[in-house]
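**Student:** Count the sequence shown with numbering that gives the first Met the number 0 and you get residues 0 to 732, in order.
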Amino acid sequence: MRRSVLVLLLLVLATATGARAQFPAEVRGRVTDRATGAAVPGARVEVTGGGIETAAAPDGRFLLRGLLPGVREIRVAAPGFGERRLTVQAENGRSLWLPVELEPAPVALEGLRVVATRTEAGATVLDRARIQASGARELGELLRDQGGVTVTRRGGPGSPATVSIRGSGAGEVLVLVDGVPINSLMSGEADLSTVPLEAIERVTVLRGAQSARYGGRALAGVIAVETRRPASGELGARVESGSWGERAAALSAGGRRDVGGAALSGLASGEWRTVRGDFPFAVPVFRGGGSAPRLNADARLWSALATGALEGVRGEVRARLEGVDVERGMPGSIVQPSLDARQEQRRGSAGLSARSTMAGTDWRATLDAQRQTAAFHDPAPALGAPYDESVAVNGFGGSLSAGRRTGDFGLTAGVEARELRFTSTMLAEGSPDRQGVRAAWVQGEWSRSLTGAWTLEVASTLRADRSSLLDGTQLSPRLGVSLGSPRLAAHLSAGSAFAPPSLADQFFQEGVQARPNPALRPERVRMEVEGGVEARDLPLGPVRLGAEASAYRADVRGMILWFPDFRFVWQPDNFDVHRAGWEGSALARFPLAHAEVRGGVAFADVEYAGPVLSGQVAYRPRWTGNASAATEVLGVRGEVAARYVGERRVAPGSALNTLDPYWLADARLSRSLLMGAWRGEVGLTVENLLDRDAAMLVDYPYPGRSWSVSLRVRRESHRTEASGDLSTNHPEP
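Take a look at the structure:
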C-alpha cells in the first residue's frame, strides 16, 4: 500500500516540479445561439472547479480573469440552451479567445412522474463537475456529505447503501434514474450502491414532502438522477485500483451531429467494478478484543447504459436502455457472521419519451418498462434454517401531460399509469401478484417580475393516486411561494405526502420470531410546513460568499417501524412520529487563490408521539454535519472533507447502548493532464484519513484507512483552444 501511494504521489506531483513562476491567464469570448447567431446575454460562464465565473454581457461577450496555467474546462450554460463544456490550455500571461455556440435545447426531463422543468426552490443540484471532483464511485458515496441526508451502509465499498432525508425511513425517499423509480417493490428501499456515476450528468436532491409531484414514496424527498447526453463527439475511459482488492474500469463513447435541421445524439457507456472487501476491524473488548478480517464481504458490479436523442426546434424524442448486475456476499453482523450468504441483484429498463410544442401547448409523453430480480441464499446461516429465496418484478408505465402558459400564468395537467407483475418465494401463500397504480395531477403557476431583478412565483399542485393494494384515493396537495433575485432568494411551502407499505412488511412468509402485518396503513405527512432563505455569490472583497438555511415541521402519521410484542415476536406496525428540524450551510470561495471552504449542519428531531414509546426513533441521529476545504496549487487540486454523525439509539424507546457520535475525514489529490487531443485526470483518494473506528449500525463496522488511485482520459471532437500575449491587442471577431 505504501509503495502504491508513493508512486501515485510522484505521478501527481511530477508535472508540478521545476515549474516556472505562475502568472494568471485570462479567457475572453462571446456566447451565441448556434441556430441564429444571436448573442446569448446572461449566459453563465465558469471555470469548472476553479471558483471563477462571470455572466455574458448584452452582446454575449465575457471575460474570465485569474486562471492558473494548465488545462482548464470552461462550462457555459443558459436557460433554454444545452450546456457546453470546452477545454482550453491556459498559459503564463496569455489571453485566450473562446467563441461559444450554444444549441437551443429546452429542458425536458422524462419519467413516469411529474418532473419540474426548472430547479425547485431549496433543492441541491450536483452537476457533472461536482460529481467528478468528489471522487465518489456510486450514488451513496456522493450523497453522504449533503445536508439533511443520511446514508446508511452495512460495511465497506460495494455493500448495500440506503438513504434517509430529515430522519425518514429509507422507504420514504423516492429515487429516480431518468424518471424511472429504482426503489425495490419488495422493501420499498433504493440501494444507492447499484447506481454508478460514470454516465451521470446531474443529481438533484429535493427535500420534504414531494408526493404532489412524484406520487407515493416521495414522503420525505426525491433524489432525481439524470444521465448524460453528449454535446459533441467524445470517447472516454477510466481505470481505478484501491484497498481491499478494489478494481474498476469504465468506457464511454458518444456523438452528436446535425441531421436536416435537427440534432441527433447518442451515448453508450459501461462500467465494471469488483472489491474483495476483507478489511480488518477492531473486535470490541467485551467480545474478545483483538482484530479480525471481514469475510464474505466481496462485491462485483456490471452496468451498461445507452441513450439516444433527436432534437428539433419544436420538440425532441429520447430513448434509453440500462442494465445493472450486482453479486455480493452478505457477511452479516460481527456477532453472527455469515460466511456463505450471497445476494444477486439485476435491473434492466428501457424508456422512450417525447416532447412537442403545438399551437402554444407543450405536450409530453413517456413510456417505460423495467425488470428487477433479486436472489438471496445461504446454505449454512449462523441462525435459523438454510434459505434460497428470489423475487422478480416486471413493470410497465406511461404518462401524458399538456401545459400552456399565458402571460404570467401557467397550467399543466397530466395522467399516469403503472402496472406491476411480481413473483417471489418470500411472500406468503395468497399474497397479491400484481399492482396497478393510476394517477392524475394538475399544477398551476403564476410568476411576476418585480423591480430590482426580483421575481415572485406561486405554484399550487394537486395529485390523486389510486393503487390496487390500497383502499381509497391518496390526495397530495402542495402550495409553494418563492421570491428570488440573482443573489438572494426565499421560499415557503406547505403540502402533504404518503408512502405505501412495502410488500415485504405486509406479506412476507412468517419466520422465527418475526411475522408480517397485512393491516399496515400508508405512512402519511398530513401537513408539512417548510421555509428557507438563500444567498448566492455575494462579493466581499476578494471572497465570494454563499449561504442557505431552512426549517421544517413534518409530523408523520403511521411511520412503519419494527417492534417486538409481549412474546418478543417482531412485527412492523404504524407509529405516529413528531418530525421537525433545520439545516444550514455556507460557502466561501477565493477565486484569486483558487480555493473554497464549505460547511453545513443539520438537526432532525424524530420522536415517538404516542404514549407507549418516547424519545428519538432508532438510528436517526439528531445532529449531522459536514465540512470541506479545497485549493489548487501548481495545477494540483487538493481537498479534505469531513462528516459528522451524532449519537444513535439502537433500541425502540430506549437510550440503552446508544452508539457514540463519530467524525470521518477523507482527502483527495488530483492533477489535470493534457496529452495531445486527449485530456485526463489522475487522482488519489484516501478515505477515513485518521483511521477511526466507526459504524452507523451496531456490529456493522466501516473500514479503516483505505486508498484508491484513478486515471481518467477523455477526447472530444470539438475542442476550442487559442492563445495570445496579454500585452498584445488580440484580434477578436
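C-beta atoms are modelled at their ideal positions from N, C-alpha and C, and glycine is treated no differently.
Rounded to the nearest angstrom, what separates A416 and G435 at their Cα positions?
**Tutor:** 8 Å
**Student:** Mapping the DSSP letters down to three states, classify V46 as helix, strand or coil.
**Tutor:** strand
**Student:** When the Cα of D604 is compared with those of G580, A249, P651, which residue comes out closest?
**Tutor:** G580
**Student:** When burial is assigned at 16 or more other CB atoms within 10 Å of the CB, is G215 buried or exposed?
**Tutor:** That one is buried.
**Student:** Could you check how far apart the C-beta atoms of F421 and L173 are, in whole angstroms? I think they sit under 8 Å.
**Tutor:** At roughly 19 Å, the Cβ-Cβ gap does not stay under 8 Å, so F421 and L173 are not in contact.
**Student:** To which residues of the same chain is W301 closer than 7 Å at the C-beta, ignoring the five residues directly before and after it?
**Tutor:** Sequence-distant partners of W301 (beyond 5 residues in either direction) whose C-beta falls short of 7 Å from its own C-beta, in its chain, are W271, D324.
**Student:** Go to E140, then tell me how far its alpha helix (DSSP H) extends in each direction, as first and last residue.
**Tutor:** 138-142
**Student:** Going by C-alpha to C-alpha distance, which of Q335, L673, M695, A303 sits closest to Y661?
**Tutor:** Checked all of Q335, L673, M695, A303; the closest Cα to Y661 is M695.
**Student:** Residue range of the alpha helix (DSSP H) that Y213 falls in?
**Tutor:** 210-213
**Student:** Determine the closest residue to V87 out of S613, E547, L67, S448, with distance taken between C-alpha atoms.
**Tutor:** L67
**Student:** Would you tell me roughly how many angstroms separate the C-alpha atoms of E100 and P40, rounded to the nearest one?
**Tutor:** The alpha-carbon atoms of E100 and P40 are separated by roughly 12 Å.
**Student:** Assuming the contact rule is C-beta atoms closer than 8 Å, G59 and T31 should be a hit. Round their C-beta distance to whole Å, please.
**Tutor:** Rounded to the nearest angstrom, the Cβ distance from G59 to T31 is 6 Å, consistent with a contact under 8 Å.
**Student:** Measure the C-alpha to C-alpha separation of R667 and R143 and round it to an integer number of angstroms.
**Tutor:** Looking at the two C-alpha atoms, the distance is approximately 16 Å.
**Student:** For the pair the region 600-619 and the region 239-249, tell me if three or more CB-CB distances fall below 8 Å.
**Tutor:** No contact exists between the region 600-619 and the region 239-249.
**Student:** List the whole-angstrom C-beta distance separating S495 from S475, where the pair is believed to meet the contact cut-off of C-beta under 8 Å.
**Tutor:** At roughly 6 Å, the Cβ-Cβ gap stays under 8 Å, so S495 and S475 are in contact.
**Student:** Consult DSSP for V284 and reduce its assignment to one of helix, strand or coil.
**Tutor:** Of the three classes helix, strand and coil, the one that applies to V284 here is helix, per DSSP.
**Student:** Which partner residues of T35 appear in the DSSP bridge assignment?
**Tutor:** Bridge partners of T35: none, in fact.
**Student:** Is it a yes or a no for the region 146-153 touching the region 354-368, going by three-plus beta-carbon pairs under 8 Å?
**Tutor:** no
**Student:** If the criterion is Cβ atoms closer than 7 Å, does the pair L191 and G139 meet it?
**Tutor:** yes
**Student:** Under 7 Å between the Cβ atoms of V221 and I199?
**Tutor:** Not a contact, by the Cβ cut-off of 7 Å.
**Student:** Just mark P515 as buried or exposed, buried being the case when its beta carbon has 16 or more other beta carbons within 10 Å.
**Tutor:** With 16 or more other Cβ atoms inside 10 Å of its own Cβ, P515 counts as buried.
**Student:** Compute the Euclidean distance between the alpha carbons of A438 and G178, then round it to the nearest angstrom.
**Tutor:** 16 Å
**Student:** Could you compute how far the alpha carbon of A189 sits from the alpha carbon of I181?
**Tutor:** 6 Å
**Student:** State buried or exposed for P499, treating a residue as buried only when at least 16 other CB atoms are found within 10 Å of its CB.
**Tutor:** buried
**Student:** Under the rule that 16 or more other beta-carbon atoms within 10 Å means buried, what is T450, buried or exposed?
**Tutor:** Exposed, by the Cβ-count rule.
**Student:** Check the Cβ-Cβ distances between L449 and every residue of chain B, and say whether any is below 7 Å.
**Tutor:** Among the protein chains of the structure shown there is no chain B, as only one such chain exists.
**Student:** Quick check on DSSP: helix, strand or coil for L468?
**Tutor:** coil
**Student:** To the nearest whole angstrom, what separates the beta carbons of L326 and S348, a pair I think is in contact under 8 Å?
**Tutor:** The question names Leu, but residue 326 in the sequence shown is Glu. The pair is not a contact, with the Cβ atoms about 19 Å apart (cut-off 8 Å).
**Student:** Which of the three DSSP states, helix, strand or coil, is assigned to R64?
**Tutor:** strand
**Student:** Taking C-beta to C-beta, are G307 and G260 nearer than 7 Å?
**Tutor:** no
**Student:** Tell me, which residues are paired with T365 by DSSP?
**Tutor:** DSSP lists S352, S398 as partners of T365.
**Student:** Do S484 and A452 have their CB atoms nearer than 7 Å?
**Tutor:** yes
**Student:** Compute the beta-carbon to beta-carbon distance between A463 and T454, rounded to the nearest angstrom, for a pair I have assumed lies under 8 Å.
**Tutor:** Going by Cβ atoms, the distance from A463 to T454 rounds to 30 Å, so no, they are not a contact pair.
**Student:** Rounded to whole angstroms, what's the CA-CA distance from D794 to S653? Just pull it up for me.
**Tutor:** Given a span of 0 to 732 for the chain in the structure shown, any question on residue 794 remains unanswerable.
**Student:** Enumerate in chain order the residues of its own chain whose CB-to-CB distance from R447 is below 6 Å, with the five nearest sequence positions on each side excluded.
**Tutor:** D407, L455
**Student:** Nearest to A650 by CA position, among A640, P385, F562, I130, is which residue?
**Tutor:** Among A640, P385, F562, I130, the Cα nearest to that of A650 belongs to F562.
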